[in-house]
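Asks: Numbering of the sequence shown is given in the numbering used here, commencing with residue 96 and proceeding in unit increments.
For each residue, glycine too, the CB sits at the ideal point set by N, CA and C.
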Amino acid sequence: MENFQGIISLFIACIEIVLLINLLIFSEKNRENKIIIGLVTLLFGYQFMEFFMCYTASYSYLLVYISFIIISFLPPLMLYLVLTVNKVKNKLMLLVFVPIIVLLTYYLFVLNSFEITNCTVLFAAYEMPLGDLYGVVYYSPIIVSIYLLSKMIYNPVFSNEKTNLIIMLVGILTTFVPVAIIIAMFPVLIDYVESFFCKAASIIAITFTLYAMRNNSKVKEKINE
Numbered sequence: 096m097e098n099f100q101g102i103i104s105l106f107i108a109c110i111e112i113v114l115l116i117n118l119l120i121f122s123e124k125n126r127e128n129k130i131i132i133g134l135v136t137l138l139f140g141y142q143f144m145e146f147f148m149c150y151t152a153s154y155s156y157l158l159v160y161i162s163f164i165i166i167s168f169l170p171p172l173m174l175y176l177v178l179t180v181n182k183v184k185n186k187l188m189l190l191v192f193v194p195i196i197v198l199l200t201y202y203l204f205v206l207n208s209f210e211i212t213n214c215t216v217l218f219a220a221y222e223m224p225l226g227d228l229y230g231v232v233y234y235s236p237i238i239v240s241i242y243l244l245s246k247m248i249y250n251p252v253f254s255n256e257k258t259n260l261i262i263m264l265v266g267i268l269t270t271f272v273p274v275a276i277i278i279a280m281f282p283v284l285i286d287y288v289e290s291f292f293c294k295a296a297s298i299i300a301i302t303f304t305l306y307a308m309r310n311n312s313k314v315k316e317k318i319n320e
């Protein structure tokens, strides 16, 4: 299997590019769906980058850093989507991107600290500076998104959108909760956590695509009838 490092990343990238094509062709191009298109694009971009680096053994600091740029914007963009669904219309929403932008800017000055320490058929292991701080910045928007979606599901204001909100929440929970439990049970896998989570995030790509397909004016009109 030595010649197949990263091949699972390629397989998932192929799934995500199919989802992306379907979104571009068939989904209504409203604000929420455009954000979902951005999310799926990020997930595809990361999986393809991981495949490329592992399969070609291209482990340059710059490539690893670019991969982290791609995937680091997934949680704040997800939170931005939830806020958009929640009808928040405030330019302060853009503040959700500030923490990760600040951290990525700092990383520009320590690029040589980024490296892939191991590639396997399934996952890649990364070494990076300030890993604990990165974890806090990365997972905080996810936790907030879960909290907000949970509140919205029980809010009568969103009664007509309850099914769509449940689809989104289930996608996030089934992506992150099982992986978090597995990492807690087998701490030796912690070096693979970023790759592990991003593989599982293919569930988000699928469920959010389903959300986007249902999130159009015709479907909403039928629901309101």
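DSSP three-state label for Ala-220, please.
Replies: Strand, per DSSP.
Asks: Check whether the Cβ atoms of Leu-134 and Met-188 sit closer than 8 Å, and answer yes or no.
Replies: No.
Asks: Write down every uninterrupted run of the beta strand (DSSP E) in the segment 274-312 whose length is 3 residues or greater and which is fully enclosed by it, in chain order.
Replies: As far as the segment 274-312 is concerned, it has no whole beta strand (DSSP E) run of at least 3 residues.
Asks: What's the gap between the Cα of Val-265 and the Cα of Ile-211?
Replies: Approximately 31 Å, taken between the alpha carbons.
Asks: If you compare alpha carbons, which of Arg-126, Tyr-141 and Ser-240 is closest to Ala-219?
Replies: Closest by alpha carbon: Tyr-141.
Asks: Could you give the C-beta distance for Leu-244 and Val-177, rounded to a whole number, given that I count them as a contact under 8 Å?
Replies: Their Cβ separation, rounded to whole angstroms, is 6 Å, which keeps Leu-244 and Val-177 in contact under 8 Å.
Asks: If you compare alpha carbons, which of Ile-195, Asn-310, Asn-181 and Cys-214 is closest to Tyr-63?
Replies: Given a span of 96 to 320 for the chain in the structure shown, any question on residue 63 remains unanswerable.
Asks: Secondary structure at Thr-212, three-state DSSP: helix, strand or coil?
Replies: Here Thr-212 sits in strand by DSSP.
Asks: CB-CB under 7 Å to Ala-307, same chain, minus the five flanking residues each way: which ones, in chain order?
Replies: Leu-118, Ser-122, Asn-128 and Ile-131, listed in sequence order.
Asks: Please name the residue in Leu-203, Val-193, Ile-238 and Leu-190 whose C-alpha comes closest to that of Val-159.
Replies: Selected option, being the one with the closest Cα: Leu-203.
Asks: In angstroms, rounded to a whole number, what distance separates the CA positions of Val-191 and Asn-185?
Replies: Their backbone Cα atoms lie some 12 Å apart in a straight line.
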